[in-house]
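Chains as they are written, first to last, in our numbering: chain A, 1 to 326; chain B, 1 to 326. Cβ atoms here follow ideal geometry from the backbone N, Cα and C, with glycine treated the same way. The model shown is predicted, which means the values in this text are computed figures rather than measured ones.
There are 2 protein chains.
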Amino acid sequence: MPEFFNVRSPSQAFDDLRPHISAITECEITPTKSALGRVIADEIRSPEDLPSFPKSSMDGFSVRARDTFGASESLPALLEVVADIPTGSSSDVELSVAEAAVAYTGGMLAGNADAVVMIERTQPADETSIEVLRPVAPGENVVHAGEDVRAGDALFGPGHTVRPQDIGGLLALGITEIPVLRKTRVAIVSTGDELVPPEDKPPPGNIRDINTYTIAARVAQCGAEPVIIGLVPDEYEPQLQAARDGIRTADALIFSAGSSLSTRDMTADVFNQLGEPGVLLHGISIKPGKPTIVAVADGKPLFGLPGNPVSALVVFDLLVAPTIHL
Amino acid sequence: MPEFFNVRSPSQAFDDLRPHISAITECEITPTKSALGRVIADEIRSPEDLPSFPKSSMDGFSVRARDTFGASESLPALLEVVADIPTGSSSDVELSVAEAAVAYTGGMLAGNADAVVMIERTQPADETSIEVLRPVAPGENVVHAGEDVRAGDALFGPGHTVRPQDIGGLLALGITEIPVLRKTRVAIVSTGDELVPPEDKPPPGNIRDINTYTIAARVAQCGAEPVIIGLVPDEYEPQLQAARDGIRTADALIFSAGSSLSTRDMTADVFNQLGEPGVLLHGISIKPGKPTIVAVADGKPLFGLPGNPVSALVVFDLLVAPTIHL
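What follows is the structure, given as structure tokens:
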């Protein structure tokens, strides 16, 4: 009876695997709006200033600050209101001495205004004039062009996972498409003469295949794309064919069941046919999960997981998930 | 100048809202395979036993345990191997005295066998016989029918969120469709004369709408479905129309911007037109996020979030997310 003589710990197993494989670097362009959870592939720099124009941060009046210097409740500055610049409008009005323009939160200032007086700090003088009750300093209540982001600023580097607020930041700058890493594709093969699809009523002695779907769900949770190859019996040729289909279409391959040492267990033999260096280790020092195979074929990781659904998920979390997250 | 005189804390705001709204109870049937993250709507009971037949948990021989009683290395029990029952096969063989059948992990036992002897505890005697070196107790190395789950057992109750392992457990029992709660639909309206779609180059004084997309991404992260109604200007009729479109198609409505107190801010008026009881509170005691409106129209929550993107996300997390998760 063969036995596992050279078991490795899960971290040793990962260390054995790591030098043979590399993270996905292939890039694809995706709409920013639907990029939630994707991983950015290249540095993204801002094409423009944000805000793109000096904005009022208050409702009030845009003014030349120096026209308010010395103003007080007892001796207010009298300014004539010469324009009203609604939010979303632009204006080419320029203020002369002692003039002001109505300003709105998020709206533009008059061309040569350098500050905004909050409406609470003013009172109407007559139909067209206001009294300013306190001075403002240049720049007060103004968001300058480029204050949030300057054209050319680096926004995100490679490896950053896109969050809701990142989508907003990118769209604010007109960046409607971004370079993201292609999702890792993970092929899944379930082996066993006793398996039938979950839709079928198993004949006596048979059970439904479930590992395909638990593993596919975990792959998706890891941000990767499951590629379901299907069910194969405990026969060498169909398994080899399924494995070849898997590594042709995917970046990694998972076999469930067939990873132990009986005559039915041919995963190791199959993996050794797929490419160099083949099986790196057979058996890890955990329970459940001992009968696990880790292999590499031409840079693609291959995992032989135990058929027991609990063992399969345990080993998935210890070895497959960290590989997907490289 | 109007002011916020009756601000409420975020938890008070949620307490004000809670009695007026109810969680989604509408149920839909979804394929189990694609139910990851969905919320189960009704109790699910098992239609059958799992396993459905007594299974060997080892490679070895199924036996009648009493034929091994007293066996030892020095005085082994001699059993004749009368059948081989591969995994995935069934057999109607019945064992007579001192007979055994080859058994495989996950495979069936002979009809009247009540235990399995591990292959390591046997040695070949001749071509058709084995010696059993240690006794087995009845039930040893056997997974009984129904040992994991019995027909009629409750598997999941309402409110459970489906995980990968749940998909496997359901499929193992042939449950290929399950009742889940319909996803909460959240309508999103972005208001402001200064807004243009993110694809457009904003004219001077304008900015790109980003709240629609940050909020939509957060809604999706909460397991709900964003319904993007679109951009509307700071005009009452278009806003009322957009709000009506929103609550007709969705379970909750979010307005971004227009929630403060200036003349441009008409969200509160719009919300009061949509149904009873209308606006519950205007202003919450946080910064950023103070100019927030919470309203209800005929059992549907309505949120007026500040236009500032940071404020909008803060208030979303404090008030909208918990409402979605009811």
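ask   = Quick one: is isoleucine 254/B buried, meaning 16 or more other Cβ sit within 10 Å of its Cβ, or exposed?
value = buried
Distance CB(alanine 41/B)-CB(leucine 319/B) smaller than 8 Å = no
Whole-angstrom distance between proline 54/A and glycine 230/A, CA atom to CA atom = 60 Å
query = Do you know offhand how far arginine 264/A's Cα is from serine 57/B's?
reply = In this structure, the CA atom of arginine 264/A is about 15 Å from the CA atom of serine 57/B.
query = Around the Cβ of serine 11/B, are there at least 16 other Cβ atoms within 10 angstroms (buried) or fewer (exposed)?
reply = Burial is judged here by how many other beta carbons sit within 10 angstroms of a residue's own beta carbon; serine 11/B has fewer than 16 and is exposed.
request  = Could you check the C-alpha separation between threonine 25/B and threonine 32/B for me, to the nearest Å?
outcome  = 19 Å
Cβ separation of aspartate 328/A and threonine 122/A, assumed to be a contact under 8 Å, to the nearest whole Å = With chain A represented from 1 up to 326, any question about residue 328/A goes unanswered, as that position is not in the structure.
task = Confirm, please, whether the CB-CB distance from valine 93/B to alanine 83/B is below 8 Å.
result = In contact: alanine 83/B and valine 93/B (Cβ atoms closer than 8 Å).
Chain-ordered neighbours of arginine 121/A on chain B, where CB pairs are closer than 8 Å = Correct list: empty, because the minimum Cβ distance to chain B is about 10 Å.
ask   = Between which two residues does the alpha helix (DSSP H) carrying arginine 248/B extend?
value = 236 to 249
inquiry  = Let me confirm a value: lysine 287/A is counted as buried when at least 16 other C-beta atoms fall within 10 Å, else exposed. Which label applies?
reply    = exposed
message = Taking 8 Å as the threshold (beta carbon to beta carbon), is methionine 108/B in contact with chain A?
response = Yes, methionine 108/B lies at the interface with chain A (some Cβ there is under 8 Å from its Cβ).
task = Take leucine 133/B as the anchor and find which of Glu127/B, Val315/B and Ala71/B has the nearest alpha-carbon.
result = Of the listed residues, the one whose Cα sits closest to leucine 133/B is Ala71/B.
query = Between which two residues does the alpha helix (DSSP H) containing proline 309/B stretch?
reply = 309 to 315
key: Residue nearest to isoleucine 119/B in terms of C-alpha spacing, selected from Ser90/B, Glu131/B and Asn112/B   = Ranking the options by Cα distance to isoleucine 119/B, first place goes to Glu131/B.
request  = Jot down the residue ranges of each uninterrupted beta strand (DSSP E) in the segment 90 to 159 of chain B, minimum 3 residues, whole runs only, in chain order.
outcome  = Annotation note: the segment 90 to 159 of chain B contains the following uninterrupted beta strand (DSSP E) runs of length 3 or greater, listed N- to C-terminal: 99 to 103, 115 to 118, 122 to 126, 129 to 132 and 154 to 156.
message = Could you compute how far the alpha carbon of isoleucine 85/B sits from the alpha carbon of serine 62/B?
response = In this structure, the CA atom of isoleucine 85/B is about 9 Å from the CA atom of serine 62/B.
task = Could you tell me whether the segment 232 to 241 of chain A touches the segment 296 to 306 of chain A, using the rule of 3 or more Cβ pairs below 8 Å?
result = Between the segment 232 to 241 of chain A and the segment 296 to 306 of chain A there are fewer than three C-beta pairs closer than 8 Å, too few to call the two in contact.
ask   = Would a C-beta distance cut-off of 8 Å place glycine 168/B and threonine 214/A closer than the cut-off?
value = yes
request  = Would you give the residue range spanned by the alpha helix (DSSP H) that alanine 65/B belongs to?
outcome  = No alpha helix (DSSP H) holds alanine 65/B; DSSP gives it neither H nor E.
ask   = Rounded to the nearest angstrom, how far is the Cβ of alanine 125/A from that of leucine 78/A, given a contact under 8 Å?
value = 6 Å
task = Could you check what DSSP says for serine 256/B in three-state terms: helix, strand or coil?
result = strand
message = If I follow the unbroken beta strand (DSSP E) through serine 190/A, where does it start and stop?
response = 185 to 191
ask   = Does the beta-carbon of alanine 242/B have 16 or more other beta-carbons within 10 angstroms, so that it is buried, or is it exposed?
value = Buried, by the Cβ-count rule.
query = Beta-carbon separation of asparagine 6/A and glycine 258/A under 8 Å?
reply = no
ask   = Beta carbon of serine 129/B, beta carbon of valine 81/B: below 8 Å?
value = yes
message = Counting only C-beta atoms, is tyrosine 104/B closer than 8 Å to chain A at any point?
response = yes
Within chain A, partners of glutamate 99/B - CB distance below 7 Å = Per Cβ cutoff of 7 Å: no residues; glutamate 99/B is ~19 Å from chain A at best.
message = Under 8 Å, Cβ to Cβ, is there at least one residue of chain B near arginine 134/A?
response = Interface residue (Cβ-Cβ distance to chain B less than 8 Å): arginine 134/A is not classified as such.
ask   = Are the Cβ atoms of valine 333/B and alanine 217/B separated by less than 8 Å?
value = Chain B is shown from 1 up to 326; residue 333/B falls before or after that span and cannot be answered.
Within-8 Å CB hit, glutamine 221/B to chain A = Yes, glutamine 221/B lies at the interface with chain A (some Cβ there is under 8 Å from its Cβ).
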